[in-house]
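Participant:
There are 2 protein chains.
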Amino acid sequence: MIAKLQIQLNPALYLRDPQSSDLGQKIVQESILLINKIGFESFTFKKLSVEIGSTEASIYRYFENKHRLLVYLISWYWSYVEYRITFETHNIADPEEKLSIAIRLITEELKDDDNFPGISESELQQIVINESDKTYLTKNVDEINKEGVFRGYKSLCETIASYMTEINPDFEFPRSLSSTCLEAAHQQLFFAEHLPRLSDLKNGADVREQNFQYVSTIIFNSLKK
Amino acid sequence: MIAKLQIQLNPALYLRDPQSSDLGQKIVQESILLINKIGFESFTFKKLSVEIGSTEASIYRYFENKHRLLVYLISWYWSYVEYRITFETHNIADPEEKLSIAIRLITEELKDDDNFPGISESELQQIVINESDKTYLTKNVDEINKEGVFRGYKSLCETIASYMTEINPDFEFPRSLSSTCLEAAHQQLFFAEHLPRLSDLKNGADVREQNFQYVSTIIFNSLKK
DNA sequence: TCGTTATGATAGCTTTACTATTATTTTTGA
DNA sequence: TCAAAAATAATAGTAAAGCTATCATAACGA
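Sequence order for the protein chains is A and W.
With this note's numbering, the residue at position 41 of the first sequence is 41, and numbering never jumps.
So the mapping is simple: this note's numbering equals the position in the second sequence, first residue as 1, plus 1000.
1. Compare the C-beta of I218 (chain A) with all C-beta atoms of chain W and state if any pair is closer than 7 angstroms.
2. CA-CA distance, G152 (chain A) and Q1029 (chain W)?
3. Does Q8 (chain A) get closer than 7 angstroms to chain W when you measure Cβ to Cβ?
4. Establish whether the CB of F45 (chain A) and some CB of chain W are separated by less than 7 angstroms.
5. Decide if V81 (chain A) is buried, meaning its Cβ has at least 16 other Cβ atoms within 10 Å, or exposed.
6. So, for E1064 (chain W): in the same chain, excluding its five sequence neighbours on each side, which residues have a beta-carbon less than 8 angstroms away from its beta-carbon?
7. For L201 (chain A), I'd like the list of residues in its chain whose CB is within less than 8 angstroms of its CB, leaving aside the five on either flank, ordered along the chain.
8. Tell me whether the beta-carbon of I1052 (chain W) lies closer than 7 angstroms to the beta-carbon of F1043 (chain W).
9. Where does S8 (chain A) sit, in a helix, a strand or coil, going by DSSP?
10. Between L1137 (chain W) and E131 (chain A), how many whole angstroms is the CB-CB distance? I'm expecting something under 8 angstroms.
11. What's the C-alpha gap between Y163 (chain A) and N145 (chain A)?
12. Can you tell me where the alpha helix (DSSP H) with G24 (chain A) in it begins and where it stops?
13. Straight-line CA distance for S1311 (chain W) to I1127 (chain W)?
14. If you drop the 5 nearest sequence neighbours on each side, which residues of the same chain put their C-beta closer than 6 angstroms to that of S1179 (chain W)?
15. Quick one: complete beta strand (DSSP E) runs, 3+ long, within the region 1159-1215 of chain W?
16. For my contact list, P1095 (chain W) and I1160 (chain W) are in at a C-beta cut-off of 8 angstroms; report their separation, rounded to the angstrom.
17. Could you check where the alpha helix (DSSP H) with N130 (chain A) kicks off and where it finishes?
18. For H1090 (chain W), does the count of other Cβ atoms within 10 angstroms reach 16, so buried, or fall short, so exposed?
19. Would L182 (chain A) be called buried (16 or more neighbouring beta carbons within 10 Å of its own) or exposed?
20. Between the Cα of A184 (chain A) and those of W:R1068, W:D1133, W:K1098 and W:K1037, spot the shortest distance and give me the residue it belongs to.
21. Nearest-angstrom Cα distance between S199 (chain A) and A1057 (chain W)?
22. Can you check whether the CB of E1121 (chain W) is closer than 7 angstroms to the CB of D1114 (chain W)?
23. Is the beta carbon of I1218 (chain W) less than 7 angstroms from the beta carbon of S79 (chain A)?
24. Closest Cβ-Cβ distance between L99 (chain A) and chain W: below 7 angstroms?
25. Would you give the residue range spanned by the alpha helix (DSSP H) that Y1072 (chain W) belongs to?
26. Do P1018 (chain W) and Y1077 (chain W) come within 7 angstroms of each other at the CB atom, strictly closer than that value?
27. In chain order, what residues of the same chain lie with their CB nearer than 8 angstroms to the CB of S31 (chain A), ignoring the 5 residues before and after it?
28. Return the residues of the region 1157-1190 of chain W that lie within a Cβ-Cβ distance of less than 9 angstroms from chain A, sorted by chain order.
29. Taking CB distances under 7 angstroms as the criterion, tell me whether V141 (chain A) reaches chain W.
30. I'd like the span of the alpha helix (DSSP H) that includes V141 (chain A), first residue to last.
31. Count the other CB atoms within 10 Å of the CB of T1055 (chain W); is the residue buried (16 or more) or exposed (fewer)?
32. Can you grab the Cα-Cα spacing for the pair Q1155 (chain W) / E1097 (chain W), in whole Å?
33. Just the Cα atoms here: how many angstroms apart are E1147 (chain W) and A1012 (chain W)?
34. Given this structure, state the Cα-to-Cα distance separating I129 (chain A) from I85 (chain A), to the nearest angstrom.
35. Does the beta-carbon of Q1125 (chain W) have 16 or more other beta-carbons within 10 angstroms, so that it is buried, or is it exposed?
36. Would I1106 (chain W) pass as a contact of E1088 (chain W) if the rule is Cβ separation under 7 angstroms?
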């Protein structure tokens, strides 16, 4: 493939499109690494500016504040996952198989994707595990939601819910089950690593496979007629 | 009942026991209201001190920082819920009934409990919905976990998991299902209110009942042999 | 080449998140 | 009941966070 792929995101997510310039791409790239390294609470635009050899003021021209940057990153991630699901389920008719592919994609460990250079999908997945809930657990959630910044996540949630409805049209809670499992998929990995008594997954080489089994179990059992 | 009940919490949760003094109780009481009012991010000890007519320095003698105070509040809540479950399931043998009572208690709207004056359980439940994940989604989770500050939550999770195991000893993921549902129980309420496309629950008078139905459905379906 | 746009350099402001010191109450227990 | 101890209040101060503003310069496009 010669043409480059690009995830198109809602412009409300940024002040200036970070994909449109060198500095913008650097901001995204390095912020992923820095947030992973020191955690979102300790992360500041000042520290990031030092890291990329720029200034605070320059970063503020791309993102209103660090929370918006986080929302951008997480949004990019979910859009990427949905693109992968669309791609991998193409030409597949059986809804159970489609759902299974989707579960695989939300539970497996992502590898860095050459189609999107400059973004480390594996590092980004770590941010989703550790920080993603902070995008919406904020007092101004309604305000930013109106701007459409959560569209990517909602869309993914509905895609998965639609497979569930295909499998069992009588199931009353497809969206809820979908969002619960999207959340659980990273929550259980977090628990397995940090609060193991909250999970049956055993941290180790096959923790992702256990997670796939767990999420599959509750989804397919819940959908049984 | 004449003797007062008191939830005994791990002393690692505080510097000085807030239940032991007037000021301490005021700190807890008013912090619940203030966090609900302005959100945890905007909440500061300075603002709280103004609210209770005291000083920042005095509050710092009770809690190391605002995060620790949040952990304390959430921990109190889960211990309270477990006390309620223990109480309500007393003398009941049937594990399905016990589990159902537990689900009811984690999904129903709490009313202020006269046994614990000075703490508004209903306001506190709102904090659990909006802020509880922030207790563990922090870079120093391993460090504070070693101090045992999450014991209350783990204990509750295991209690519920034990009912699941009684119902179906072959079920492989009782703890995971338990933590997933504890999280989902408040997450779905949050979604219903703020991000309705992520949930099938319809915000309104009976949203708690819908939530009970939802959580019951996935739990009991998942446990089916 | 001129004007626009992006970036960098620098400064400055308010608030947060503390810590320290000293004075004043309040408690308690001998 | 009084003195010592403990808790609180009052005050001050510091480094960093979370911005905003201004101006100079570089690059870029028409």
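Glycine residues also receive a C-beta, built at the ideal position from the N, C-alpha and C atoms.
Facilitator: The short version:
1. yes
2. 39 angstroms
3. no
4. no
5. buried
6. L1015
7. Q188, L189, F191, A192, V207, Q210, N211 and Y214
8. no
9. A small fix is needed here, since residue 8 (chain A) is Gln in this sequence, not Ser. Q8 (chain A) falls in the coil class under three-state DSSP.
10. 7 angstroms
11. 25 angstroms
12. D22 to I38
13. Past the edges of chain W, shown from 1001 to 1225, lies residue 1311 (chain W), and the structure says nothing about it.
14. C1157
15. none
16. The pair is not a contact, with the Cβ atoms about 11 angstroms apart (cut-off 8 angstroms).
17. E121 to E131
18. exposed
19. buried
20. W:D1133
21. 39 angstroms
22. no
23. no
24. no
25. K1066 to E1088
26. no
27. F43, L48, L69 and L73
28. C1157, E1158, A1161, F1171, E1172, F1173, P1174, R1175, S1176, L1177, S1178, S1179, T1180, C1181, L1182, E1183, A1184, Q1187, Q1188 and F1190
29. yes
30. V141 to K146
31. exposed
32. A small fix is needed here, since residue 1155 (chain W) is Ser in this sequence, not Gln. Answer to the nearest angstrom: the Cα atoms are 19 angstroms apart.
33. 6 angstroms
34. 19 angstroms
35. buried
36. no
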